[in-house]
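*Asks:* Using the UniProt record's numbering, the first residue of the sequence shown is number 1, and each one after it goes up by one. If you scroll down you'll find the structure; I have some questions about it.
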Amino acid sequence: MIRRPLRPLARILKARDHGENPDAIERENLRLRHEEVRDRARSRAEGRLLVLGGFFFIAFSAIALKMGGMAGAPAEEPRAADSGNPIIAQRADIADRKGRILATNLDTYALYAQPPQMIDPARSAAELVRIFPELDEQELLEDFAGPRKFLWIRKQISPEQRQAVHDIGDPGLLFGPREMRIYPNGPIASHILGGASYGREGVSSAEVIGVAGVERRFDAYLRDPANEGAPLQLSLDLTVQSAVEEVLLGGMNLLNARGAAAVLMEAKTGEIVAMASLPDFDPNNRPRPLIKGSPADSPLFNRMVQGVYELGSVFKIFTVAQGLEMGLIQPSTMIDTKGPMTWGRFRIRDFHDYGPQLSATDVIVESSNIGTSRIALMFGAEKQREFLGRLGMLEPTEVEMVEAPTGKPLLPAQWSEISTMTISYGHGLSVTPLHLAAGYATLANGGIKVTPTLLHNANRAPAERVVSEQTAAATRAMLRAVVSRGTASLGDVEGYEVGGKTGTADKPKENGGGYYKDKVISTFAGMFPATDPEYVFVVTFDEPVETTGSIPRRTAGWTAVPVASEMIRRTAPLLGLRPQVEGAPIEGISLAAN
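Listed below in structure tokens is the structure:
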């Protein structure tokens with residue numbers, strides 16, 4: 001930088017020529033130099049202050065925004081960080097095939113106490129007992145006065161109860177958020193849904209886990225965050241399920257039965273539209289399992305999936321189907337039915353004397369034990385076992401319930417010739433009613449094996465063919481004849497062409513030693529419409545007694561059949577099936593003259 005001199009020679013010479021003082025020029029230049037230095041220093045200071053002010057403005061603005069956000073947020077108590085695995089509380093809904101909710105969640109609270117923080121334990125205990133009468137005031141006082149620093153009081157409380165506890169005003173009574181599993185339809189489909197409970201629990205959350213039914217079978221799916229809350233869609237139809245349960249309960253009460261079960265299933269896909277077991281329960285308040293007595297007396301027992309029974313004459317159609325498939329008989333083949341049929345010390349008899357012979361069709365229509373026994377002897381024990389195995393009768397069903405593996409069929413210790421004969425008419429082999437429904441669906445859909453499922457539109461592997469379409473069609477015609485002119489005439493629902501077979505089996509005694517004479521399992525299994533079935537059904541009652549007549553009647557024709565016909569009458573319109581008018585014979589009708 002070039003500095004201006006304080007005593008410039010030109011100005012000094014000029015000042016001397018005019019008689020001026022040259023020192024004045026030096027002082028003036030020195031003053032100007034000082035002012036210039038001062039102005040530069042002031043500019044630098046002002047710039048630094050401006051930058052510093054900008055920094056302060058930005059900092060205070062950020063603080064103000066943060067304080068504003070905190071002031072607008074709801075108050076929240078600080079929580080200690082948890083270094084363990086987080087508790088995943090969210091659980092997906094369960095819906096029926098039309099998206100209607102079967103199980104969902106409700107945000108609620110749990111109530112707990114921290115006794116060291118309580119101000120008036122005695123008053124708090126008294127008020128809590130007033131709000132929750134099931135609590136014991138003395139026990140609460142002992143817990144509050146003891147060494148415990150934490151105490152659960154209620155795992156779930158309603159909003160009204162929470163407000164009442166809040167009004168107590170004791171700082172030692174605190175609330176923890178909870179997700180509560182609820183079933184808005186109460187006991188409807190209770191055995192299928194099963195129920196849920198709490199697993200791992202913390203103050204701020206709790207793990208909801210399935211304890212039975214599809215809740216437990218699909219527990220991992222329902223709790224998986226990767227599904228983003230997508231509901232589990234079942235094959236059930238809520239309205240059909242409700243109608244089936246209502247009709248079944250009415251029938252059970254009218255028939256004084258110990259229990260009942262029913263299933264309605266799509267014949268081609270195996271999708272279960274409705275399935276019920278009685279007595280049932282409310283999964284919102286699931287009862288405890290029985291610790292003594294028969295499991296069948298518990299409302300938790302699922303008779304359709306867990307109960308294995310000798311189902312009686314409903315099995316006869318499988319025997320005839322095997323005979324037809326192997327080419328041993330035709331529907332018109334005459335079968336020897338002279339009785340009694342003797343095998344060693346065993347005697348096989350029919351309910352009535354049907355004469356010396358019946359056609360294979362009439363063996364089914366009249367339900368002849370002797371006739372089916374003779375057909376079974378044509379193919380023998382080994383072939384019979386193989387055929388029933390292909391139908392899925394020898395292993396538990398694969399329906400998506402944790403209880404399904406417990407419904408394992410009871411096979412004879414030695415599959416002898418007498419076993420072959422008795423199994424041909426439904427004794428000596430115990431299966432679940434769901435096994436029976438799957439077998440009837442196989443005949444209904446043209447001979448393709450059916451696996452029952454509770455999932456809607458699930459991807460399934462192609463199934464094997466068990467019988468030919470011709471055999472399946474012949475058996476369907478026989479089952480239709482049973483309803484139109486046989487033992488199931490009370491099941492003929494006008495417009496829906498029902499086909500089916502009755503079965504009445506004596507109950508075996510619990511401790512062995514034969515069968516009861518006055519206790520039976522009555523069953524009606526079938527399909528509709530019989531010419532091209534869309535649905536199969538099974539209705540079964542445990543120890544029914546029909547008492548409207550002069551003598552008690554227990555056979556399926558008087559017990560299970562009327563209930564099944566009412567069930568079809570109620571549910572067929574809900575399933576979208578229009579009644580069809582069956583063609584009438586035209587004999588005796590002449591054309592009118594013009």
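For glycine and all other residues, C-beta sits at the position ideal for the given N, C-alpha and C.
Could you give the uninterrupted runs of the alpha helix (DSSP H) lying entirely in the region 330-413, keeping only those of 4 residues or more?
*Replies:* 360-366, 369-391
*Asks:* Mind pulling the beta strand (DSSP E) runs of 3 or more residues that sit fully within the region 94-160?
*Replies:* 101-113, 151-157
*Asks:* Check whether the Cβ atoms of G503 and A556 sit closer than 7 Å, and answer yes or no.
*Replies:* yes
*Asks:* State whether the region 277-297 contacts the region 350-370, with contact taken as three or more CB pairs (one from each stretch) at a distance under 8 Å.
*Replies:* Output reads no: the region 350-370 does not touch the region 277-297.
*Asks:* Could you tell me the boundaries of the beta strand (DSSP E) in which V263 lies?
*Replies:* First-last of the beta strand (DSSP E) with V263: 259-266.
*Asks:* Secondary structure at A276, three-state DSSP: helix, strand or coil?
*Replies:* In the three-state DSSP reduction, A276 falls in the strand class (E or B).
*Asks:* The alpha helix (DSSP H) with A73 in it runs from where to where?
*Replies:* Bounds of any alpha helix (DSSP H) do not take in A73, whose DSSP letter is neither H nor E.
*Asks:* Report the CB separation of V467 from A321 in whole angstroms; it is logged as a contact under 8 Å.
*Replies:* 6 Å
*Asks:* For P231 and A92, which I take to be in contact (beta-carbon distance under 8 Å), what is that distance rounded to the nearest angstrom?
*Replies:* 6 Å
*Asks:* Which residues share a DSSP beta bridge with L232?
*Replies:* I94
*Asks:* For V545 versus V563, is the C-beta spacing smaller than 7 Å?
*Replies:* The answer is no: Cβ separation not under 7 Å.
*Asks:* Is it the case that the CB of G389 approaches a heavy atom of the ligand GTP more closely than 6 Å?
*Replies:* Judged by which ligands are present, the structure shown has none, so any question about the ligand GTP falls away.
*Asks:* Take the Cβ of A81 as the centre, count every other Cβ of all protein chains shown within 10 Å, and call the residue buried at 16 or more, exposed below.
*Replies:* Summary for A81: the model assigns pLDDT 48, below 50, so the residue's position carries little reliability; its value from the coordinates is reported in the next sentence. A81 comes out exposed.
*Asks:* Between which residues of its own chain and I182 is the CB-CB distance below 8 Å, once the five residues before and five after are set aside?
*Replies:* Only A103, T104, N105, L106, N284 meet the Cβ criterion.
*Asks:* Is the beta carbon of D167 closer than 7 Å to that of S124?
*Replies:* no
*Asks:* Alpha carbon to alpha carbon, what distance is there between R480 and E587?
*Replies:* Low confidence applies to E587: its pLDDT is 48, below 50, so where it sits in the model is not reliable, and the reading given next is rough at best. Rounded to the nearest angstrom, the two C-alpha atoms are 22 Å apart.
*Asks:* State the start and end residues of the unbroken alpha helix (DSSP H) segment that holds E246.
*Replies:* 238-254
*Asks:* Grouping DSSP H, G and I as helix and E and B as strand, with all else coil, what is E271?
*Replies:* strand
*Asks:* With a threshold of 16 other CB atoms inside 10 Å of the CB of N457, please say whether the residue is buried or exposed.
*Replies:* exposed
*Asks:* Span of the alpha helix (DSSP H) holding D542?
*Replies:* Premise fails: D542 lies in the beta strand (DSSP E), 535-542, not in any alpha helix (DSSP H).
*Asks:* Once you ignore the five residues that flank A437 on each side, which residues in its own chain have a CB closer than 8 Å to its CB?
*Replies:* V263, M265, P452, A525, V536, F537, V538
*Asks:* Residue range of the alpha helix (DSSP H) that D532 falls in?
*Replies:* Annotation for D532: no alpha helix (DSSP H) segment contains it, and DSSP assigns it neither H nor E.
*Asks:* Can you find a CB in chain B that lies within less than 7 Å of the CB of A463?
*Replies:* This model lacks chain B altogether, as it is built from one protein chain only.
*Asks:* Should M304 and A261 be called a contact, given that it needs their Cβ atoms to be closer than 7 Å?
*Replies:* Yes; because the gap between Cβ atoms is below 7 Å, this pair is in contact.
*Asks:* Leaving out five residues before and five after V240 in sequence, what residues of the same chain have Cβ atoms less than 6 Å from its Cβ?
*Replies:* Taken in chain order, the residues that qualify are V273, A274, T571, L574.
*Asks:* Look up R578 in the DSSP assignment and say whether it is helix, strand or coil.
*Replies:* coil
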